[in-house]
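Structure, as structure tokens:
Below you can see the structure in the form of structure tokens.
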């Protein structure tokens, strides 16, 4: 754009009001300043472009060398600040003779008083779309994600799939491909922090990514209750019902708490039926399966159990390690964390993904400070009493767990029988004792009445390979870990 020489226009500039102290510029009339500025803008960028970017804006205040301009849309505000700030300052300079700083403020909704500032170009009834198709779609997605109350960081791409959540992840992907038909309803359950919320919101984000016109709502049961109470108080029950019964995808988190609120159960039941009969997708999440949620009506429980019920277990060691490495990427942690420390985190925080990521943040922060933490320093930072934890896991508890899970008597594990199945169970005991308690080889051998420590080395190597390759063994071993750590 050609540079404009403003000096020839100085004599025609609108004069500011002058105070008694005779300072040069004391007060500007906002309406007059904007009236002149917008005419300059139209000369500089044209009527159509002005309509698309500045049409509904106005000067709301002039003070201390700053012009505050009100804008009616966030994308317009961003566009002005990015591409039109210099042009706007030049237009203000031409109108006032003063080099103002500018602030662009976003207003939520025009009042009748503000409507007088709106600009309509009679030659452009449709308005000028200055944004590319990709920019418009991205803006639409951002607005839809925000309206749906989703976290844009929760995606399938950073959801770590392991043996603990493989079924739930497969169900989630199937729902995205065939919304309302593949599995409906879907009921995810699992302990706090195992990834239920991440998986639900990943579904919502993916649906909006593919079609931002889809109506998606993510809400906790507590928020559902609060909105229902407010609707009753303000006599806007119909608005409340329409909000949740006119969606393509409704996701309700922590649904187990509905057991405390009979009236909420009634409203949830009718909302559920309306959506289900219209083939709209329903996804629920709870810390327990439907049959263990107390004090809910049989008809509501049957609705919960009527589709796909998928549990998400605490992640195993390998999955926890993968989660940590993904978190290093997601959180842009640009310091090198020793593998030993990652291993310590993965081994000692076993049930909660949020705690796992929080521990990683603590350790990385310590390293960022330029310190060189020892193993004990990291344990203290994580508030992990490693010795105490080991005391709770005794060799007899390990042997008992293996006995129960694999159906072998403890006397056989400690005995001399060498059948393949009993020998494998004995090797599993050795493996767990070494891995979880870091017991010396000789002591491990003694616990199963063996004399040669090389037997323990062989056992650990063999079970390590089996754990990686044999899903049946891996599942039973994980069950042993859960039992000995209860």
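In the working numbering, the protein residues as written are 1092 to 1577. C-beta: ideal position from N, C-alpha, C; glycine also.
- Note that the stretch 1335-1343 touches the stretch 1358-1371; at least 3 beta-carbon pairs, one per stretch, sit closer than 8 Å.
- If you draw a straight line from the Cα of residue 1492 to the Cα of residue 1526, it is about 15 Å long.
- The residue from 1267, 1246, 1378 with its alpha-carbon nearest to that of residue 1311 is 1378.
- Straight-line spacing of the CA atoms in residue 1134 and residue 1119 works out to 22 Å.
- Our two residues, residue 1448 and residue 1465, have alpha carbons roughly 20 Å apart in a direct line.
- Bridge partners of residue 1311 according to DSSP: 1344.
- Counting every other CB atom within 10 Å of its CB across the protein chains shown gives residue 1455 a total of 16 or more, marking it as buried.
- With fewer than 16 other Cβ atoms inside 10 Å of its own Cβ, residue 1511 counts as exposed.
- With respect to residue 1250, residue 1293 sits close: the two C-beta atoms are nearer than 8 Å.
- Of the other Cβ atoms in all chains shown, 16 or more fall within 10 Å of the Cβ of residue 1411; this residue is therefore buried.
- When DSSP assignments are scanned along the stretch 1279-1323, the uninterrupted stretches of alpha helix (DSSP H) that are 4 or more residues long and fall wholly within it turn out to be 1287-1301.
- Residue pairing by DSSP leaves residue 1175 without any beta bridge partner.
- For residue 1273 and residue 1323, the gap between their C-alpha atoms comes out near 35 Å.
- Counting only the Cα atoms, residue 1568 lies some 17 Å from residue 1403.
- Burial state of residue 1267 is buried, judged by a 10 Å Cβ sphere holding 16 or more other Cβ atoms.
- Contact between the stretch 1344-1354 and the stretch 1298-1313 is present, with at least three C-beta pairs closer than 8 Å.
- In the DSSP assignment, the residues bridged to residue 1149 are 1161.
- By the Cβ-count criterion, residue 1321 is exposed, with fewer than 16 other Cβ atoms from all chains shown falling within 10 Å of its own Cβ.
- In terms of Cβ geometry, residue 1450 and residue 1428 do not form a close pair [threshold 8 Å].
- Burial state of residue 1316 is buried, judged by a 10 Å Cβ sphere holding 16 or more other Cβ atoms.
- The three-state reading of DSSP puts residue 1240 in coil, since its state is none of H, G, I, E or B.
- Listed in chain order, the non-local C-beta contacts of residue 1505 below 7 Å within the same chain comprise 1539, 1540, local neighbours out to five positions each way being set aside.
- The residue from 1531, 1156, 1160, 1462 with its alpha-carbon nearest to that of residue 1189 is 1156.
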